[in-house]
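Protein chains in written order, with this note's numbering: chain A, 16 to 358; chain B, 16 to 358; chain C, 16 to 358; chain D, 16 to 358.
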């Protein structure tokens, strides 16, 4: 059996979660998110962002979170702005458009949006009422390319949005990885202060399913639960989500897991860099994109699974390696060893 | 702590499921339903319906299943027909309409649809193109009122649909309970033969989440997976669904659990009937609607939770009692005892 | 050629409109409703409702007006309430649902809604967030059955809506006929005061196309033009709509035309009543529903076209007769004559 | 009063149309497109494309036509491909996305799509079911930049679509101009043979409103009328559309009007070219984009209205001039004269 570096959702969940499921299994609980675990998990999250006026909702996955958030905010003629690498643009089968909203695409190198990227889009959408109205800015942290927002970058983008009557939404499917990156200077609390709405991803960080949507802007809180139910995202046994987030939030397990994933990726990155390997982008989270010779890729493929991401030239390609909360030293060291033996 | 007869999703899941989750937890599996458990579960379901040409998809919940199925089938101007008690009509926050489709409402006493109910709807929708085109018939088994379809009823409805170019979709959120009712003469295999598409509900029968959508009509199979992804229902860790259905299908655990729930309800029903209690409707599944004096309701409420369903007169009301795969004898006997002591 | 009483849109338009089109035809005008005729027509309408803070938009037809208004107002989980005879429910091919919104149906005898009809709907939609949220009340004046709202009725309904945080929308496809009915005590100005939004129908009252949407509630005015463009309703040559409403509003031609139509219908009604004919409903606008013997219907059908509306018994049926702004005395007198000669 | 070269919908309609409206005005006609004029117009169009199996529907405007056609064809997860200049992408307020469908954007220089543009889009959309499925190719002729498709280009694109299971839809808002361009070798009949569906624009070529949707692919014909009604586009007085297309089709008035518009634009183009003026794109229809000095633009603006389209450098800009079916020699010669006097 080859070890897979293809993604961070290949394994089940952190053992604490299964223990908690076992322990509470036969308790009777209220349905639809009114169970005691969900209520506690939400309280704990609000403590961690230090804002008791935020509202928290737990849903199953990232596409679901994205489509519920975006369709709940926008009026029919309003649209969302995304970097060209945005998950909502490329990897969600038109889920956002299916709710009636256009996504305006901004080409970027590193998967991040800056005010200067957005200004021309606003300028090109002045032909009222013949064009959609840009209203919501969608960003991811860490991004789909593994890059992250530094504190000043997010502050600046947040201020720009406020000045321009735009709302800011952060896709946090890998927020744990973003915040625990060795180069991150942003905290969870600041993330909540600087966004109108964001989510904390569980699926890619040790949960079976689950993303916690956190609504900081009071204007966006009204009646939000209706949207969750209407989109088929309100689990009868909401306890499944509540128990998971309760365990992940306890003692900051969530951040420990993400940090571990990042560290394992950095270990590989550093070993490769030492031998002069180039990378497609300079990342400090759990995704790395080394450029390797096709021969080496061939050899590594015998023991490991990973995506060949992009052809560079006739002899070499960039591959994508993703580590998870559960990626052990054996896999990492084994990869490095084979790399060293063959380069 | 009061024991709750409010619904069949108050507890977690059958212990076999948790054991299977534990056992496989750290295995690496392919994502998005391509894991070995999902593949096996689908095979097992196809064996049980004895049709290897059906296709099976696993999703999280009933509203999600309903909206994906209906929106995937209908053209924009086509609509669905439902009994007035239909879950899609009353309890899904307009989830179907949110995908663009009208639901035509047929008043029925017992939650079931018959050809004779549908004929007038077809007759009243002949003003082309000024009216929606009826195309899909939505039924539930067991229904929202706990009643079931007998084999001849389903055969007759199925034939009527074919003759009238209508498709037949069965909401099987409680299909286990329907098929294992003491008065049912319908099998799972026949259910598959007589419907174009249906689902097998896990959430209300011992799973944490999960409904298995089974597409029998080949015309409805094409590209179905796109709809699941677009509606945010494709779990990255599809193994969570696969493992659950694999356990439930093994040795017919699914049917044993439903049968148990039915039997516990029938035990209460019979005890009440013996003492002359009337029922709002004559059900043989895990939902019963006894009419009790308000005084008795008051006394029972001290130990048990349940919904007061409908005021009958100034002195009495119908209540709804639902039993589950995990409702024990203690709760049932305790209820009967208090009933007897106070009636 | 038989004369048709089938509807009020069989003829072209009032000659003044064609004259105005001819006169201005080769002038260059701004597009998309910024032409001078549209601007003047809007001003004139605002004068007539005596509210310069209302906003006016001109669109082509009733279904278009209905779907734009409703989808612009409601959040995704909110729904509209309509009498069971409502045009949006039965005769618009699911246009409202196609924008994502459910219509709650209230059975009524006379096509009108009263507070007492709506109270039970509100009471039955308290299961948050499992049900749609009623938000908008849709009424028609005159109704699809030819009946009208008296001033006190509209006042009372309007007050009820305000108290219950509901918005009130009047479909005025036949508002001219409603307001000029011999039993109406309601004015256009009061109509504007008592509704959040309504429209003034041109198509059924002497225009080729055109409905004037009038938004009285400032909260509903924001960005409304975007909705018109998005739904494909913003005509490049908006002058076509402007010129028509300008002509119709000048010297109250609009009301004269409607009054004429009403009077012609009343003339027939009174002639029939004198001879003891019963009517399906007691109307005072341009729609009447006399119950006639099938033999008489047969004879009348040789010279006139009309709809046989409803079978009453084996020997008689109700027919629907509609008169228009252009129904002449010859047709009316001819109909009465044949009636008298055969009854 | 300045003469406007801003667009081709500044004037009313061709006088023949007004005469025909006058002549038939008081005739009673069937509603909703069943009038004799609409029926005849449709027959005439089918004769002109030489295909009696095509179906023709008349609607009011281009955005309306686009959204009805696209939403009627695509399944929820399918999308449309458009050149980056496509009207549906930039100028319709998200009308297509509002029906649930994504538009994939292809950057092109000249507003035209070629097979080689589409191949990479297909290659990048293979990640089933995580991405939308490309299904419909949207092109315009003439394009939004005034360019046209030559016969071989359309043949080649059409063949490519067939090979790749794609459907081809031509926006013909300015099809008259495209087909009568002095460099066009494409006929209306060939246009119908090479597309699955297209429309013949009236609004920009001498009608008050009106686009004739022509469905050549029988698979796309089924139930099409429902879509028109549902989107609010079925005019009660369909005669208004029928009369216009009947007049435009008679004796090829439609093509004469377009040819006139083209010729007037070419007259200006040639006069400017003679003096060495450069153009933003090389067009042969009724839109031209000369690059002029800002000083000259200033002078011309005193007598004429037109859009300054694009800044070229600090001293010059491209302007857009559009001529219409009614642009007279006086305006054209006047423009050229001022140009010559100042360059």
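Don't be surprised by glycine CBs; every beta carbon is placed ideally from N, CA and C.
If you follow the beta strand (DSSP E) that residue i is part of, which residue opens it and which one closes it?
i                      : result
residue 84 of chain A  : Careful: residue 84 of chain A lies outside any beta strand (DSSP E), inside the alpha helix (DSSP H) at 77-88.
residue 91 of chain D  : First-last for residue 91 of chain D: undefined, no H or E at that position.
residue 333 of chain C : 331-337
residue 39 of chain B  : Unbroken run through residue 39 of chain B is the alpha helix (DSSP H), 30-39; no beta strand (DSSP E).
residue 148 of chain D : 148-155
residue 227 of chain B : 226-230
residue 322 of chain B : 322-326
May I ask which residues mark the beginning and end of the alpha helix (DSSP H) holding residue i?
i                      : result
residue 314 of chain B : 309-316
residue 70 of chain D  : First-last for residue 70 of chain D: 70-74, but that is the beta strand (DSSP E), not the alpha helix (DSSP H).
residue 347 of chain A : 344-356
residue 286 of chain A : 268-289
residue 63 of chain D  : 51-64
residue 244 of chain C : 239-245
residue 257 of chain A : 254-264
residue 105 of chain D : 102-105
Return the Cβ separation of residue i and residue j in integer angstroms, given the expectation that the two are a contact with Cβ distance under 8 Å.
i                      : j                      : result
residue 306 of chain D : residue 283 of chain D : Incorrect: roughly 14 Å between the Cβ atoms, too far for contact.
residue 48 of chain A  : residue 226 of chain A : Going by Cβ atoms, the distance from residue 48 of chain A to residue 226 of chain A rounds to 13 Å, so no, they are not a contact pair.
residue 122 of chain D : residue 157 of chain D : With 8 Å as the limit, residue 122 of chain D and residue 157 of chain D do not qualify as a contact, their Cβ atoms being about 19 Å apart.
residue 243 of chain A : residue 92 of chain A  : Rounded, the Cβ-Cβ distance is 24 Å, inconsistent with contact.
residue 264 of chain D : residue 56 of chain D  : 6 Å
residue 196 of chain D : residue 300 of chain D : 5 Å
residue 50 of chain B  : residue 296 of chain B : No, residue 50 of chain B and residue 296 of chain B are not in contact; Cβ-Cβ is about 42 Å, not under 8 Å.
residue 219 of chain B : residue 251 of chain B : Between residue 251 of chain B and residue 219 of chain B the Cβ distance is about 24 Å, and since that is not below 8 Å, they are no contact.
Please classify residue i as buried or exposed, where buried requires at least 16 other C-beta atoms within 10 Å of its C-beta.
i                      : result
residue 65 of chain C  : exposed
residue 131 of chain D : exposed
residue 70 of chain D  : buried
residue 291 of chain D : exposed
residue 277 of chain A : buried
residue 16 of chain C  : exposed
residue 144 of chain C : buried
residue 198 of chain B : exposed
residue 19 of chain C  : buried
residue 237 of chain A : exposed
residue 344 of chain A : exposed
residue 341 of chain A : buried
residue 262 of chain B : buried
Closest to residue i by CA distance: which of the options is it?
i                      : options                       : result
residue 359 of chain A : A/29, A/330 and A/203         : Within the shown structure, residues of chain A are numbered from 16 to 358, placing residue 359 of chain A beyond reach of any answer.
residue 266 of chain C : C/87, C/34 and C/63           : C/63
residue 30 of chain A  : B/38, B/165 and B/148         : B/38
residue 137 of chain B : B/155, B/181 and B/162        : B/181
residue 213 of chain C : C/148, C/152, C/336 and C/44  : C/152
residue 233 of chain D : D/312, D/319, D/208 and D/342 : D/208
residue 336 of chain D : D/280, D/117, D/250 and D/216 : D/280
Mind listing the chain E neighbours of residue i? Cutoff is C-beta to C-beta under 7 Å, in chain order.
i                      : result
residue 241 of chain B : Judged by its chain identifiers, the structure shown contains no chain E, and its protein chains are A, B, C and D.
With respect to 8 Å, is the separation between the Cβ of residue i and the closest non-hydrogen atom of the ligand ATP below this value?
i                      : result
residue 116 of chain C : Questions concerning the ligand ATP fall outside what the structure shown contains, since it holds no ligand whatsoever.
Length at least 3, wholly inside the stretch 179-218 of chain A: the beta strand (DSSP E) runs in chain order
182-186 and 212-216
Hey, which unbroken runs of the beta strand (DSSP E) at 3 residues or more fall wholly within the stretch 115-146 of chain B?
118-121
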